[in-house]
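Novice: One structure coming up, written as structure tokens, with questions to follow.
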Amino acid sequence: MSQDRIPIADPAAENAELAAELEAAVKRVLASGRYILGPEGAKLEKDIAAYTGAAHAVGCNSGTDALHLALRAADIGSGDEVVMPAFTFVATAEAASYVGAKPVFADIDPATFCLDPRSVEKALTPRTRALIAVHLYGQTAPLAELAALCRDRGITLVEDCAQSLGADESGRGSGSWGEFGCFSFYPTKNLAAAGDAGLVTAREPRHAERLRMLRHHGSRKTYYHDVLGYNSRLDELQAAILNVKLARLDEFNARRASIARRYGEWLAGSSLVLPQAHGRGRHIWHQYTVRHPKRDELRAKLEAAGIASMIYYPVPLHRQPLYAPDNEGVRLPATDEAAATVLSLPIYPQLGEAAQKKVCDVLKSCA
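Next up, the structure:
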């Protein structure tokens, strides 16, 4: 990558800032000889549970596995339906498909890009067993409404928290509202591993116990296997890295919020539709996502100026080849409009003001 290029995210810059602590943590693990299911993972689980306000936390191999294991632990399976937004990464729907359930897609609120409770209600059927609420771009879906809806209908609420660690609604943390909260620590997340890593929070002790079995070949005791499980353990090296970064997460999220405020000030008066916090709790600004009818032209001009941007997500799930055949009659107008107009700008804790000003100057010159 050119030194003058502005990336959409910069994991290497974050790791450089924390280099001394990260190197010490990695050396400590290597010297210990304990690389799987050891004290680093146990500490991370304890600290994430405390940070989110969840009763239990269980580390696993990835955010995708977190979603999959949560549905397995909830006994979701063949013949069941799982309602979710179509405006999300495919892993949300894959988790339902993995257990033999049917993903059912609902529309989003165009102001927040998260689930619209009215669309969710229309998507429910007698076969609905779970709802996956995706917290997109750094703020929560309408959790109070969705949690009440799930309680009234006897539906399992699963939170997809891949982009929301540190966000809350009414002071209650993302990952503590549902029966399960599913986190990804992919290298570009706000809390970022140096590879794949994930975690599931759980409300009930029985669910936490089952999650621990499922991630470890269905085993409570070595070489005794009670259920069909998986090899989905969070390794000690990743856990150690995450423990270092968790201690700085609030600081780094605050930096993101400052960057988002500057974008709001510097892009005011342009033809871009700027993102807004919903006001029900803390936004952690995993992405800063604007909207514009000529999105692709803007993106090309940013690219020509050496500025990266991303489209999350250009093809919603009900239109993906994997799921489109089963969703020919599904109409999700807010989702389709978002997919055609959203553009995420560079945002990461180490993004300097000069680089951010360049992003804004290019955008204002053509928007």
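Residue 23 in my numbering sits at position 15 of the sequence shown, and the numbers go up by one each step.
Ideal Cβ positions, reconstructed from N, Cα and C, are used throughout, including at glycine.
Quick caveat, the model's predicted, so the values are computed rather than measured.
1. Would you report the Cα separation of L254 and L199, rounded to the nearest angstrom?
2. Let me make sure I understand the geometry here. Which of R299, I292, A262 has the alpha-carbon closest to that of L280?
3. What does the alpha-carbon distance come out to for the pair K365 and R269?
4. Entirely within the segment 218 to 278 and at least 3 residues each: give me those beta strand (DSSP E) ranges in chain order.
5. Based on Cα-Cα distance, which residue from A109, E153, L154, I116 lies nearest to R135?
6. Could you check what DSSP says for Y59 in three-state terms: helix, strand or coil?
7. Hey, F95 and P324: beta-carbon distance below 7 angstroms or not?
8. For G67, report the span of its beta strand (DSSP E) as first-last.
9. How long is the line joining the alpha carbons of E22 and I16, rounded to whole angstroms?
10. Since I believe I249 is in contact with W293 (beta carbons under 8 angstroms), could you give me their beta-carbon distance rounded to a whole number of angstroms?
11. Roughly how many angstroms separate the alpha carbons of S373 and V142, rounded to a whole number?
12. Leaving out five residues before and five after E53 in sequence, what residues of the same chain have Cβ atoms less than 6 angstroms from its Cβ?
13. Starting from L157, trace the alpha helix (DSSP H) both ways and give me its first and last residue.
14. Can you tell me where the alpha helix (DSSP H) with P125 in it begins and where it stops?
Specialist: On the basis of the data shown:
1. 7 angstroms
2. The residue among R299, I292, A262 with its C-alpha nearest the C-alpha of L280 is R299.
3. 13 angstroms
4. 227 to 229
5. Measuring from the Cα of R135, the nearest candidate turns out to be A109.
6. helix
7. yes
8. 64 to 68
9. 13 angstroms
10. Not a contact, Cβ separation roughly 22 angstroms.
11. 34 angstroms
12. A65, G67
13. From DSSP, the alpha helix (DSSP H) with L157 extends over 151 to 161.
14. 125 to 131
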